[in-house]
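Residues -29 to -1, 1 to 399 in mature numbering (1 follows the signal peptide of the UniProt record, and there is no 0) are what the sequence shown spells out, letter by letter.
The beta carbon of each residue, even a glycine, is placed where N, CA and C say it ideally should be.
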Amino acid sequence: MKLRRSLAVAVAVAATAPVAFFTSAPALAIGTSSAAQIQDQPTYAELEKAAADAKKAYEEAVIAKEEGQKELEATLAALDSDEHPLKAATIAADKAAEEAADAKAAAEKAVADAQAELETAESDDEKAAAQQALEAAEADLEKAVEAKKKADAEVAEAQTALDDARVAAVRKYSLVQDAPEKALKAKEAADEALAAAKECVREDGLTSLAVGLPSKVVAGTTVDFSLRVTNGTERTLTVDPLVFFHADGESSGEKSRLTVEWSNGSGWETLDGNESQHIARIDTMKPGAHSDVKMRMKVDSEAQAADAFALFAGDASDAYNPCILGPMKRYDFALLPEGSDPGPVDEAKPGPPGKNDDTRPGAEKPGAGSDPSAQGGASEQAAATKGDLATTGSSSAMVPLALTGAATVVLGAGAVLAVRRRKAAADS
């Protein structure tokens, strides 16, 4: 769900580094939505089921067509065999018809011979005998003609039965012949709907703000503050707050000078140093609700003066979208050597738009004439070099970041992108 947050963190760290390494990965489309827009739409679970059902239906249609074609070929081959009852019946009928035709021809000859005998008879007795023979031959011919008609009818009937069987086999195959094509169209439509639902949507109302984080912290001291997550959207959300702390000059391979902990309600858990991390999941957060996460940060006593910052964002999901992104906020604060007099200490404030949230020039939201797939292009490069945090997601696998400055971030960018691509492939 959260594929681009870690890249945003890396961009923030590499504010002065070349960013070509970061822009080679495909960007996720970010959009806006509201309760009115998603009303009466199928849930993501329903879309997943529809896509799975459509895939299964397509696979079954392909198998049915293959099996139907094999069955058709087998049936037609069997019908062409002399041993098949229908084919055998046509053979027998053809033979009977040939015999009836021969009998009719013989009867016709007998009539002709009897007629000739009658014409050549001279005496009355000869004429009477010839007439009697002619009548008998004509009677036999009449029977032969009827037998021939019956045999021809049986030939036609047997051939019709064989043809009907062939037609029935072809018709049965035709029922499954076009099914894969139709099922494929349904599958593609279901996949397209699911893919659209997977696209990350922007919710500016999902805010994650630090409360009580001081603008200056002295080495060797511990400060208490909290993270307030507010669901100012019209959605009921499951929220995973994202946090990240970094002091300038630190690398991913060394121990961080900042030890940050968060309360899980019964104890304290420590953030992994130099890594973005999700904390304090909120399973059900209704519209208008907020949740406070107690946090504390200790600065190592040997820490020297340095600039530091913290990032906070809300990554969420609901029944309709698995990827919902709230704006990311950046808080800058100063580290002071042990024993320093910090003087008046104000509360750290989130940076201005364009430095810490998702509102950067040249990054229109989809639907405003922009190409979501191009959001990782030149505008994101410009944003990164200025310290902007782009409209990005985060990997739920918590990608380690190279934090020794511009050079180290660039060297680690390939690994970050590789992890992101694997995660994107897994989520899809």
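Under DSSP, the beta-bridge partners assigned to Lys269 are Thr193, Thr230. Non-local C-beta neighbours of Val82 in its own chain, meaning closer than 6 Å and more than five positions away in sequence, comprise Ala108, Glu109, Leu112, ordered along the chain. When DSSP states are grouped into helix, strand and coil, Lys300 belongs to the strand group.
Straight through space, the alpha carbons of Pro151 and Arg199 are spaced by roughly 52 Å. In the DSSP assignment, Ser262 forms a beta bridge with Val200. Cβ contact annotation for Asp195 (same chain, cutoff 8 Å, sequence separation greater than five): Gly183, Lys265, Met266, Arg267, in chain order. Around the C-beta of His261, fewer than 16 other C-beta atoms lie within 10 Å, and the residue is accordingly described as exposed.
Contact annotation, Val141 with Gly39: C-beta distance approximately 10 Å; criterion of less than 8 Å not satisfied. Proximity of the region 242 to 261 to the region 210 to 221 meets the contact definition, three or more beta-carbon pairs being nearer than 8 Å. Its chain contains Ala71, Ala72, Lys75 as the residues whose beta carbon lies nearer than 7 Å to that of Lys119, once the 5 sequence neighbours on both sides are disregarded; these appear in chain order. Counting along the chain, Val33 sits inside the alpha helix (DSSP H) bounded by residues 15 to 50. Under the three-state reduction of DSSP, Ala274 is assigned to coil, being neither helix nor strand.
Buried is the label assigned to Ile295, since at least 16 other Cβ atoms lie within 10 Å of its Cβ.
The Cβ atoms of Pro185 and Glu309 lie no closer than 8 Å to each other. Between Ala164 and Ala218, the C-beta spacing is not below 8 Å. Going by beta carbons, Asp289 and Thr207 fall inside the 8 Å limit. The three-state secondary structure of Gln248, taken from DSSP, is strand. Looking only at Trp239, Gly203, Ala305, the smallest Cα-Cα distance to Gly259 is reached by Gly203. The three-state secondary structure of Val316, taken from DSSP, is coil.
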